[in-house]
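**Student:**
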Amino acid sequence: MLAGWALACVIVAGLVLALRGQDWSATRPMVTLQALPFLLTSCVVNVAALLCAMMSWRSVLADLGHPLPRRTAAGVYFVGMSAKYAPGALWVVLTHARLARSVGVGGLVTVAVWLLNIPIVLLTGMVVGSLAAPPMLGDWSWLLLLPAAALAFVMVRPALVGRTAQAGARLLRRELTTSGSGQQIRAAIGWQLACRLVSGLHLWLLTLAMGAPVGESLVVSIGAFALATGLSSVVVVLPDGALIREMVLIGTLSLVLPVTAATAVAVASRAVCLVTDLLASGVCALTMVSERRRPAALTEGAAELPRSG
164 MLAGWALACV IVAGLVLALR GQDWSATRPM VTLQALPFLL TSCVVNVAAL
214 LCAMMSWRSV LADLGHPLPR RTAAGVYFVG MSAKYAPGAL WVVLTHARLA
264 RSVGVGGLVT VAVWLLNIPI VLLTGMVVGS LAAPPMLGDW SWLLLLPAAA
314 LAFVMVRPAL VGRTAQAGAR LLRRELTTSG SGQQIRAAIG WQLACRLVSG
364 LHLWLLTLAM GAPVGESLVV SIGAFALATG LSSVVVVLPD GALIREMVLI
414 GTLSLVLPVT AATAVAVASR AVCLVTDLLA SGVCALTMVS ERRRPAALTE
464 GAAELPRSG
């Protein structure tokens, strides 16, 4: 019980720091009636991207022998991911482990899912990010073939992912079960690619609000957000890739927008992601609490029924 309250305090503190540590004044150019429809639609689109990310996480979990119902997986994933705003990835792992344990998933499996998810997030981010990277890399654009080749290899031999996880568990003298087929790993990659494409649309809508050209900004936005979130995912010491993500976004969006407008879009994107993260985790947290109270209420009601005879 005490550990649960401690995690809750860390999550709240991280969210407060995320809100106070950002210079929101950069978004003033977007605080207009004309931009409001773009902002609201951007939030809706990002919720869809979050659902794709959850399905990817759920697929990795299923590959390790723990297929969870969608609602249960959403509760564990979204409430756990609210800890990403606290400095260090440790809090996300601890929160996920605590929540997953309540639905029958062991701590080792939770850690394995987190570790396996990092390369999936990174590789898909680099592959989709290649849409925006060539103008920045120039003669070094051939480097984009490396993550594409690595991702293609995993798609061809997905079972190797589970075997690698099992080998790591054996080094720790622990047992880890997998599905053996690797089909769920393919599904995880597919969902993560979908997440990259859809989440890029939320950024595109924000660039349109700042007057970016429709066609060119679409490609750059999808690539920029995938690249930014992919790179920031490996910087685990910063809360949700803070600073790294904004630097990459501003650098790539400056291809289609002035730097001041690109900065406004990058900060507005952070706001959209924060709002949708809070919305998803809040809804899931309330759902989990209500579902836990329901059996208790039914038990109390049954105990109060008069006994026959």
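With positions in the sequence shown counted from 1, the corresponding number in my numbering is that position plus 163.
No residue lacks a Cβ here, since even glycine has one placed at the ideal position from N, Cα and C.
This one's a predicted model, so the numbers in the text were calculated from it and none came from an experiment.
Is residue 212 closer than 8 angstroms to residue 361 when the C-beta atoms are compared?
**Tutor:** Sequence index remark: in the sequence shown, residue 361 carries index 198 (1-based). Sequence index remark: in the sequence shown, residue 212 carries index 49 (1-based). Pairing residue 361 with residue 212 gives a Cβ-Cβ distance under 8 angstroms.
**Student:** Measure the alpha-carbon distance for residue 431 versus residue 336 and round it to whole angstroms.
**Tutor:** In the sequence shown, residue 431 corresponds to position 268, counting from 1. In the sequence shown, residue 336 corresponds to position 173, counting from 1. So the alpha carbons of these two residues sit roughly 47 angstroms apart.
**Student:** By the DSSP assignment, the alpha helix (DSSP H) with residue 495 in it spans what residues?
**Tutor:** Outside the shown range of the chain, which is 164 to 472, sits residue 495, and nothing can be said about it.
**Student:** Could you check what DSSP says for residue 230 in three-state terms: helix, strand or coil?
**Tutor:** By one-based count along the sequence shown, residue 230 stands at place 67. In this structure, residue 230 counts as coil in the three-state DSSP scheme.
**Student:** Out of 199, 203 and 221, which one is the CA nearest neighbour of residue 350?
**Tutor:** Counted from its first residue, the sequence shown places residue 350 at position 187. Of 199, 203 and 221, the residue nearest in Cα terms is 221.
**Student:** With H, G and I counted as helix, E and B as strand and the rest as coil, what does DSSP make of residue 451?
**Tutor:** Numbered from its first residue, the sequence shown carries residue 451 at position 288. Looking at residue 451 - three-state DSSP - the assignment turns out to be helix.
**Student:** Would residue 281 be called buried (16 or more neighbouring beta carbons within 10 Å of its own) or exposed?
**Tutor:** Position 118 of the sequence shown, counting from 1, holds the residue named residue 281. The residue is exposed, with fewer than 16 neighbouring Cβ atoms inside 10 Å.
**Student:** How about residue 243 and residue 392: do their beta carbons lie closer than 8 angstroms?
**Tutor:** For the purposes of this step, residue 243 is identified with residue 80 of the sequence shown, where counting begins at 1. For the purposes of this step, residue 392 is identified with residue 229 of the sequence shown, where counting begins at 1. Against a cut-off of 8 angstroms, the Cβ pair of residue 392 and residue 243 comes out as no contact.
**Student:** Among 315, 245 and 440, whose alpha-carbon lies nearest the alpha-carbon of residue 290?
**Tutor:** Position 127 of the sequence shown, counted from the first residue, corresponds to residue 290. Nearest C-alpha to residue 290: 315.
**Student:** Pair every Cβ in the region 423 to 438 with every Cβ in the region 358 to 378, then say whether three or more of these pairs are closer than 8 angstroms.
**Tutor:** yes
**Student:** Label residue 181 either buried or exposed according to how many other C-beta atoms from any shown protein chain fall within 10 Å of its C-beta, with 16 as the threshold for buried.
**Tutor:** Position 18 of the sequence shown, counted from the first residue, corresponds to residue 181. Confidence at residue 181 is low in this model, with a pLDDT of 48, below 50, so its placement is unreliable and the value that follows should be read with caution. By the 10 Å Cβ count, residue 181 comes out buried.
**Student:** Indicate the three-state DSSP secondary structure (helix, strand or coil) for residue 344 in the structure shown.
**Tutor:** Locating residue 344 in the sequence shown gives position 181, counting from the first residue. Three-state result, residue 344: coil.
**Student:** Quick one: Cα of residue 223 to Cα of residue 255, how far?
**Tutor:** Position 60 of the sequence shown, counting from 1, holds the residue named residue 223. Position 92 of the sequence shown, counting from 1, holds the residue named residue 255. Whole-angstrom Cα-Cα distance: 16 angstroms.
**Student:** Okay, do the region 408 to 425 and the region 379 to 388 touch, 3+ Cβ pairs below 8 angstroms being the bar?
**Tutor:** yes
**Student:** What would DSSP say about residue 335, mapped onto helix, strand or coil?
**Tutor:** Counted from its first residue, the sequence shown places residue 335 at position 172. Three-state DSSP puts residue 335 in coil, outside helix and strand.
**Student:** Just to confirm, is the Cβ distance from residue 206 to residue 438 under 8 angstroms?
**Tutor:** Within the sequence shown, numbered from 1, the residue matching residue 206 stands at position 43. Within the sequence shown, numbered from 1, the residue matching residue 438 stands at position 275. Yes, the Cβ-Cβ distance between residue 206 and residue 438 is below 8 angstroms.
**Student:** So the candidates are 230, 423 and 234; which of them puts its Cα closest to the Cα of residue 443?
**Tutor:** The count along the sequence shown starts at 1 and reaches residue 443 at position 280. Closest by alpha carbon: 234.
**Student:** Residue 319 and residue 352 - do their beta-carbons sit closer together than 8 angstroms?
**Tutor:** As a position in the sequence shown, residue 352 is number 189, starting the count at 1. As a position in the sequence shown, residue 319 is number 156, starting the count at 1. Result no, Cβ atoms of residue 352 and residue 319 do not sit closer than 8 angstroms.
**Student:** Going by the CB atoms, is the gap between residue 215 and residue 311 shorter than 8 angstroms?
**Tutor:** For the purposes of this step, residue 311 is identified with residue 148 of the sequence shown, where counting begins at 1. For the purposes of this step, residue 215 is identified with residue 52 of the sequence shown, where counting begins at 1. Their beta carbons are not under 8 angstroms apart, which means residue 311 does not touch residue 215 by this criterion.
**Student:** On a CA-only basis, which of 436, 452, 257 and 276 is nearest residue 364? Give me that one, please.
**Tutor:** For the purposes of this step, residue 364 is taken as the residue at position 201 of the sequence shown. Measuring from the Cα of residue 364, the nearest candidate turns out to be 436.
**Student:** Assign residue 258 to buried or exposed, taking buried as 16 or more other Cβ atoms, counted over all protein chains shown, within 10 Å of its Cβ.
**Tutor:** Looking up residue 258 in the sequence shown gives position 95. Under this definition residue 258 is a buried residue.
**Student:** What does the Cβ neighbour count give for residue 265, buried or exposed, with the cut at 16 atoms within 10 Å?
**Tutor:** Residue mapping note: residue 265 aligns to position 102 of the sequence shown, counting from 1. Residue 265 comes out exposed.
**Student:** How many Å lie between residue 271 and residue 332 at the Cα?
**Tutor:** Residue numbering aside, residue 271 sits at position 108 when the sequence shown is read from its first letter. Residue numbering aside, residue 332 sits at position 169 when the sequence shown is read from its first letter. Rounded to whole angstroms, residue 271 to residue 332 spans 8 angstroms at the Cα level.
**Student:** Taking the alpha-carbon of residue 477 as reference, which of 209, 273, 295 and 218 has the nearest alpha-carbon?
**Tutor:** Since the first and last residues shown for the chain are 164 and 472, residue 477 lies out of range.
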